[in-house]
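*Asks:*
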Amino acid sequence: MSRLLHPFTPPAKDTGDFLNIVSGKGSVLTLKDGREILDGMGSLWYCNVGYGHPKVTEAIKSQLDTIHAHHIFDPFTNDLAETLAAEIADRAPMPDSKVFFAQSGSEAVDTALKLARAAQAQAGHPEKTLVVSRTNGYHGTAYGGTSAQGFPEYREGWGELVPGHIHVPGDDVEALARVFAERGAEIAAVITEPVQGAGGIIPPPEGYLQAVRRLCDEHGALYISDEVICGFGRLGHWFGCQAFDIEPDIVTFAKAVTSGYVPLGGVIVGGKALGMLETNSAWKLAHGFTYSGHHLACAAALACIEVTEEEGLLERAAVLGERLRAGLQSLVDDGLYPGLRGAGFMWAVYPPEGRTPIDLRWEVLDQGVIARPMSDVIGFCPPLVSTEAQVDQMVDALAAVV
Ligand SMILES: Cc1ncc(COP(=O)(O)O)c(C=O)c1O
77 MSRLLHPFTP PAKDTGDFLN IVSGKGSVLT LKDGREILDG MGSLWYCNVG
127 YGHPKVTEAI KSQLDTIHAH HIFDPFTNDL AETLAAEIAD RAPMPDSKVF
177 FAQSGSEAVD TALKLARAAQ AQAGHPEKTL VVSRTNGYHG TAYGGTSAQG
227 FPEYREGWGE LVPGHIHVPG DDVEALARVF AERGAEIAAV ITEPVQGAGG
277 IIPPPEGYLQ AVRRLCDEHG ALYISDEVIC GFGRLGHWFG CQAFDIEPDI
327 VTFAKAVTSG YVPLGGVIVG GKALGMLETN SAWKLAHGFT YSGHHLACAA
377 ALACIEVTEE EGLLERAAVL GERLRAGLQS LVDDGLYPGL RGAGFMWAVY
427 PPEGRTPIDL RWEVLDQGVI ARPMSDVIGF CPPLVSTEAQ VDQMVDALAA
477 VV
């Protein structure tokens, strides 16, 4: 019997037949039974530079010869964390930013939520504590993110969550405007993904993100862009909000910042929110993680940023995203699937009549391809180093099973 409790899995489930991954190269994984499968999901939305990238593995190995980690609480720092913060701030969608490091997306989200409330309080608005989020938004599984996320079933069963969270229908600008009209004076922040990922690859309705920006400005609320999936190239830009010409106040990131080689997450605080946090120069940010600024994680991230630039992966995301979209559209045009949705290099299709996304996942896996069932769709979020032939293989696998 396995002693391992798996995430998002019933504790009582027999996991003996779980797929056992032993190695990976580029976009291809090898299972313990020797089978090779094409990873259409970049693991769990993160492996943008692909598996076994020599530049990233070398950076990590050589860093180990120097020092693996030392914390950066006052009065310590290190060059890797300093350099990475500067590299990320240079690419950030807002000017004059500073960067805070965590390990995961959930920690990044909880940090962002705390920073937003702290910024409001420091700027003289302690009454501004409410956080608004959208249905189908996924913001991780720590208590803050659990309270914010837009799946009622994932918020149940954990006891009392963090108070002060309001959920609005994810596709309804009027509902958002009403919340601001009624409670705008108490709203600290809105948190939203640029394209909702785990909710089922749902692009924002036309003008929605612009409306969030406008309402936040009108009511003195902060705009948190949760870029844990969209950040670091998925939509063909460093950050997903840049694909929509949005300048948020706070950005969360994780996943593709290191492509998962070493876990890393973080928060970019733009100049405006930073100014609020710095109102009282004696106020201390009493928040942080033991491994914030971890040497190995920062070395991995710097290598991933270099690979992204050297291999033109932002441009590749646009090219491959269009190829995937066109391929899936042809399946829809041929009447095999009823429709598709997505953006950048993450796309999903609705299953044909009588089939569920979970059925399709197993059938596509039999074709040697990993796709992910989510709510009402099955989708792809492949490594940005995938080849055109591999993208075609994903589309062909979907075609073969209907
Ligand atoms: C948008 C978003 N925010 C936060 C998280 C939580 O990240 P993690 O699982 O690294 O804690 C995720 C994870 O998928 C995510 O997609």
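If you're matching positions, the sequence shown starts at 77 in the working numbering and goes up one per residue.
All residues carry an ideal CB built from backbone N, CA and C; glycine is no exception.
Within 8 Å, do at least three Cβ pairs link the region 397-416 to the region 321-334?
*Replies:* Short answer: they don't touch.
*Asks:* CA-CA distance, V266 and Y367?
*Replies:* If I take the Cα positions, the gap works out to 27 Å.
*Asks:* Extract the residue ranges of the beta strand (DSSP E) inside the region 328-399, only unbroken runs of 3 or more that lie entirely within it.
*Replies:* Within the region 328-399, the complete beta strand (DSSP E) runs of at least 3 residues are 341-345.
*Asks:* Indicate the three-state DSSP secondary structure (helix, strand or coil) for D93 in the structure shown.
*Replies:* If DSSP states are grouped into helix, strand and coil, D93 belongs with coil.
*Asks:* With 16 as the cutoff for other CB atoms within 10 Å, does A162 come out buried or exposed?
*Replies:* It counts as exposed.
*Asks:* To which residues of the same chain is G397 closer than 6 Å at the C-beta, ignoring the five residues directly before and after it?
*Replies:* For G397, where only same-chain residues beyond five positions count, the Cβ hits under 6 Å are G420, F421.
*Asks:* In this structure, does DSSP put E112 in helix, strand or coil?
*Replies:* Strand at E112.
*Asks:* Specify, as a first and last residue, the run of the beta strand (DSSP E) that H295 falls within.
*Replies:* First-last for H295: 284-295, but that is the alpha helix (DSSP H), not the beta strand (DSSP E).
*Asks:* Leaving out five residues on either side along the sequence, give the residues of the same chain with a beta carbon under 8 Å from the beta carbon of I136.
*Replies:* Same-chain partners within the cutoff: Y337, V338, L372, A375, A376, A379.
*Asks:* Within the present structure, is the beta-carbon of S119 separated from the nearest heavy atom of ligand 1 by less than 7 Å?
*Replies:* False, no ligand heavy atom lies under 7 Å from that Cβ.
*Asks:* Is the distance from the Cβ of M117 to the Cβ of A319 below 8 Å?
*Replies:* Cβ distance not < 8 Å, so M117 and A319 don't count as in contact.
*Asks:* Given a threshold of 16 other Cβ atoms within 10 Å of its Cβ, counted over all protein chains shown, does T355 qualify as buried or as exposed?
*Replies:* Exposed, because fewer than 16 other Cβ atoms sit within 10 Å of the Cβ of T355.
*Asks:* Quick check on A224: does DSSP put it in helix, strand or coil?
*Replies:* DSSP places A224 in helix when its eight states are reduced to three.
*Asks:* Taking only three categories from DSSP, how would you classify W234?
*Replies:* W234: coil per DSSP, three-state reduction.
*Asks:* Measuring alpha carbon to alpha carbon, tell me which of A218, D247, V244 ends up nearest E236.
*Replies:* Nearest C-alpha to E236: A218.
*Asks:* If you measure between the beta carbons of G342 and F149, is that distance less than 8 Å?
*Replies:* Not in contact: G342 and F149 (Cβ atoms no closer than 8 Å).
*Asks:* Can you tell me which of L81, A178, P171, N124 puts its alpha carbon nearest to the alpha carbon of G369?
*Replies:* Of L81, A178, P171, N124, the residue nearest in Cα terms is A178.
*Asks:* Provide the residue span of the beta strand (DSSP E) that contains G418, from first to last.
*Replies:* Note, G418: beta strand (DSSP E), 416-419.
*Asks:* Grab me the residues of Q469's own chain with a C-beta within less than 8 Å of its C-beta, minus the 5 sequence neighbours each way, in chain order.
*Replies:* Here the set comprises L114, G444, V445.
*Asks:* Ends of the alpha helix (DSSP H) at A465?
*Replies:* Taken as a continuous stretch (DSSP letters only), the alpha helix (DSSP H) holding A465 covers 464-476.
*Asks:* Is the Cβ-Cβ distance between T268 and G213 less than 8 Å?
*Replies:* Contact: yes.
*Asks:* Rounded to the nearest angstrom, what separates A195 and A358 at their Cα positions?
*Replies:* Cα to Cα, the separation comes out at about 14 Å.
*Asks:* Taking the straight line between their C-alpha atoms, what separation do you get for R399 and R392?
*Replies:* Using only the alpha carbons, I get a separation of about 10 Å.
*Asks:* With H, G and I counted as helix, E and B as strand and the rest as coil, what does DSSP make of Y127?
*Replies:* Here Y127 sits in strand by DSSP.
*Asks:* So, with DSSP's three-state summary, where would you put P449?
*Replies:* If DSSP states are grouped into helix, strand and coil, P449 belongs with the strands.
*Asks:* In whole angstroms, what separates the C-alpha of C317 from that of M77?
*Replies:* Roughly 45 Å between the two C-alpha positions.
*Asks:* Name the residue from E262, V271, L298 whose alpha carbon lies nearest to the alpha carbon of G246.
*Replies:* Minimum Cα distance to G246 is reached at V271.
*Asks:* When every heavy atom of ligand 1 is checked, does at least one fall within less than 7 Å of the C-beta of S406?
*Replies:* Incorrect: S406 has no Cβ contact closer than 7 Å to ligand 1.
*Asks:* List in chain order: all unbroken beta strand (DSSP E) runs of 3+ residues lying wholly within the region 127-187.
*Replies:* DSSP runs (the beta strand (DSSP E)) wholly in the region 127-187: 174-178.
*Asks:* Does the contact criterion of 3 or more C-beta pairs under 8 Å hold for the region 299-319 versus the region 163-176?
*Replies:* Contact holds: three or more Cβ-Cβ distances are below 8 Å.
*Asks:* Using a threshold of 7 Å, is the CB atom of Y214 nearer than that to any non-hydrogen atom of ligand 1?
*Replies:* Correct: Y214 has its Cβ closer than 7 Å to ligand 1.
*Asks:* Just the C-alpha distance for F176 and R193, rounded to the nearest angstrom, thanks.
*Replies:* F176 and R193: Cα-Cα distance of roughly 16 Å.
*Asks:* Tell me where the alpha helix (DSSP H) around V255 begins and ends.
*Replies:* Run containing V255: 249-259, per the alpha helix (DSSP H) assignment.
*Asks:* Compute the beta-carbon to beta-carbon distance between G220 and V185, rounded to the nearest angstrom, for a pair I have assumed lies under 8 Å.
*Replies:* At roughly 6 Å, the Cβ-Cβ gap stays under 8 Å, so G220 and V185 are in contact.
*Asks:* Measuring straight from C-alpha to C-alpha, what distance separates L140 and E134?
*Replies:* About 10 Å.
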